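All remarks here apply to the structure that follows.
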Amino acid sequence: MTKLITLQISPYLSHALAEKIALARWHTSDPAWVNCVRQSLFDEEDPAACFDVVATDQNGEVAGRLHCIRNQTDPTLWYYGDLFVVPAYRRMGIATGLVNAARTRLGELGGTRLWCYVEPDNTASLALQRSLGFTERPFATFHSLINDGEILFECSIPSPFNLLPATVTEACFACILYAQNREALHGEAISFPVWKELLSANDPDEAHFLICKGAVPVGYLKLNGLQGREKARISMLCVAKVHHRTGAGSYAVTHAEAILREKGFTKAGIQTTKDNYPARNLYRKLGYTETLSPDTDRCFYEKSI
1 MTKLITLQIS PYLSHALAEK IALARWHTSD PAWVNCVRQS LFDEEDPAAC FDVVATDQNG
61 EVAGRLHCIR NQTDPTLWYY GDLFVVPAYR RMGIATGLVN AARTRLGELG GTRLWCYVEP
121 DNTASLALQR SLGFTERPFA TFHSLINDGE ILFECSIPSP FNLLPATVTE ACFACILYAQ
181 NREALHGEAI SFPVWKELLS ANDPDEAHFL ICKGAVPVGY LKLNGLQGRE KARISMLCVA
241 KVHHRTGAGS YAVTHAEAIL REKGFTKAGI QTTKDNYPAR NLYRKLGYTE TLSPDTDRCF
301 YEKSI
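This note's numbering puts the first residue of the sequence shown at 1, with every later residue one more than the last.
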């Protein structure tokens, strides 16, 4: 019979679950060993800087676990360690499931890279990392972890974002996202009926997209000048406030450039207001050349794509 396995992700563990982890890992629930589990969480001052992924069976017993830590200087870099699977549950894909669950969560948290250390003679772990797309890297230290001759492996974290064409049925999302950003954009109020008209106009010179995190819309992107030859522009970019500084804006601009390249454009343009510092920093970071208008409150950006 197939054993039902449940994965749970949390920066906190119940005391009972910590005891079960110690029992599964070290075959004891002695408080000193339970504290080893608790210590890994206690050492991180910010609960958002670490989490556990725990696999449990249908009886609530621990089948496996791994622990993730965020880098103190680079918040996009994470490390995973303390991976184990109970012998009775090996060769069931649980280790793969634990790592993949961690990678999915890291994408949601804005992580872009994941490290782990593997002992050179741990052939099972070496094979696991390679099967999961990890590649060997020159050794580097993560925090104060000691190098006992391990090999450093790294993988990229898949982006949680995707870009989808926005149609009239998504007008409600575009309306709300624009309203949240209207002050920063210095824009006029746009009613829901007007948004429905905009998204149903089928204007060949423009295109509308939603930036989604999974299935959830978190941003709106508009392209204009698509009937031109050399340059088109990103005419509007709105990201939900709760998703600012999560990489949604960078994702949208990068993928907008890809869309324009496919259409034969060699340059992309953007403009924003001088007081929209987050947008200005984003465009400069992505390689756009900034031009300040002496006569208006606008900044203009251009990039060869």
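Glycine residues also receive a C-beta, built at the ideal position from the N, C-alpha and C atoms. Predicted model, so just to flag it, every value in this text is computed and none were measured.
query	result
List the whole-angstrom C-beta distance separating A102 from C68, where the pair is believed to meet the contact cut-off of C-beta under 8 angstroms.	5 angstroms
Hey, could you find the ends of the alpha helix (DSSP H) G107 is sitting in?	94 to 108
With which residues is F84 paired in a DSSP beta bridge?	R65
Decide if P204 is buried, meaning its Cβ has at least 16 other Cβ atoms within 10 Å, or exposed.	exposed
Which residue from T266, F142, V54 puts its Cα closest to that of F153?	F142
Would you say G249 and L282 are within 8 angstroms of each other, going by their C-beta atoms?	yes
Return the CA-CA distance between A252 and N100, expressed in angstroms with no decimal places.	25 angstroms
Within the stretch 27 to 62, note down every full alpha helix (DSSP H) run reaching 4 residues or more, in order along the chain.	31 to 42
At a cut of 8 angstroms, does the stretch 185 to 194 reach the stretch 212 to 231 through at least three beta carbon pairs?	no
Please report the straight-line C-alpha distance between V85 and R245, rounded to a whole angstrom.	35 angstroms
Need the endpoints of the beta strand (DSSP E) that A196 sits in, please.	Going by the sequence as given, residue 196 is Lys instead of Ala. Run containing K196: none in the beta strand (DSSP E); it sits in the alpha helix (DSSP H), 192 to 200.
Give every residue of the same chain whose Cβ lies closer than 8 angstroms to the Cβ of L286, excluding the five residues on either side of it in the sequence, and list them in chain order.	S250, V253, T254, K303
For T266, which of helix, strand or coil comes out of DSSP?	coil
According to DSSP, is S235 helix, strand or coil?	strand
Let me check understanding here. Comparing Cα to Cα, which of D295, E136, I211, R280 lies closest to F161?	I211
Determine the direct distance from the alpha carbon of F173 to that of Q227, and round the result to whole angstroms.	26 angstroms
Between the Cα of R298 and the Cα atoms of K196, Y288, L185, which residue gives the shortest distance?	L185
Between the alpha carbons of R280 and Y288, how many angstroms are there, rounded?	9 angstroms
Quick one: complete beta strand (DSSP E) runs, 3+ long, within the stretch 149 to 217?	151 to 156, 161 to 165, 206 to 213
Do you know whose CA, among T73, S29, A24, lies nearest R65's CA?	A24
For the candidate residues T167, C116, D52, whose alpha-carbon lies nearest to that of A140?	C116
From the beta carbon of D46, is the nearest beta carbon of chain E less than 8 angstroms away?	No chain E is part of this structure, which consists of one protein chain only.
Judging by CA-CA distance, which residue of F51, P47, A48, E19 is the nearest neighbour of C36?	E19
Taking R233 and A179 to be in contact with their CB atoms under 8 angstroms, please state how far apart those CB atoms are, rounded to whole angstroms.	R233 to A179, Cβ: 22 angstroms. No contact.
I'd like the list of long-range same chain contacts for Q271, defined as Cβ closer than 6 angstroms, with 5 residues on each side in sequence excluded.	R298, F300
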